[in-house]
Structures are given as structure tokens and as C-alpha cells.
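These notes concern the structure reproduced below.
In the numbering used here, the protein residues as written are 12 to 144.
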């Protein structure tokens, strides 16, 4: 993942927007008459579809693999969380948007931290290394 400031801001805003949209989609479909388990699984799948659809315009600017996983992961979690909350009680639209945004922010932070931890320490090639150019 890139560490340039415009990439980081774009990645953050894209996942924030995807979380809001996935949350709104889940909120508009699920109501308290749904079973919570059914709402969770259905909105998980639908959230991933929302993330996939919104990935295409985001992927043009941020890159294919760098945007696909966070977009679909954010959509999945925002759909699940808002879907389950909507199945528990009636929820105002702004609350669904806030929860979707919170999921988007939490997931991009999780993905950035996991990427940093899993990547570990990398070394720069020395000038006398073969192929260092």
C-alpha cells in the first residue's frame, strides 16, 4: 500500500463512503421483522456486492488490489453491522450512515495496521548489491 498523503486520504475517504452506502442499503432493506441471523448473512453478501460495485471507480485512482480488498471488506462489515442493528430495532437513517461510516473507518485502520505488521521490516538494497541499479 502506498504511503503518499493523497493516496492515504483517498483510501480513507473511499472506505468511508463505501461504508456509508453499504449501511444505507442495509438500512433500506432490513426492518425489525427480520431474523438477526438472516439479516446478518444477507447484508454481508449484499454489502460485498456494494463494495465490489463501488470498487470500480475507486480502483481507477487507487489501484486494483490496493482498493478491492478494503472496499469489499468495508462493505461486508457495514452491511452486517447495520443489517443486524436494523433487525433489532427501528433505526434512523443518520444512525445507519454513522454506523456505516464507523465500519469504514475501523476497517481501513485495521487493514493498514495488518499490512504494516505483516510486511515487517524491509531493507533497502545497498549500492554494492548486485542488481541495485
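Glycine residues also receive a C-beta, built at the ideal position from the N, C-alpha and C atoms.
Here the structure is a predicted model, which is why all the values come from computation and not from measurement.
Given that a residue counts as buried once 16 or more other Cβ atoms are within 10 Å of its Cβ, and exposed if not, what is residue i?
i, result
"residue 220", "The first residue shown for the chain is 12 and the last is 144, placing residue 220 beyond what the model contains."
"residue 131", "exposed"
"residue 129", "exposed"
"residue 48", "exposed"
"residue 126", "exposed"
Look at the Cβ atom of residue i, then the Cβ atom of residue j, and state whether they are nearer than 8 Å.
i, j, result
"residue 86", "residue 79", "no"
"residue 31", "residue 112", "yes"
"residue 42", "residue 97", "yes"
Quick one: grab the DSSP three-state call for residue i.
i, result
"residue 43", "coil"
"residue 69", "helix"
"residue 51", "helix"
"residue 103", "coil"
"residue 127", "helix"
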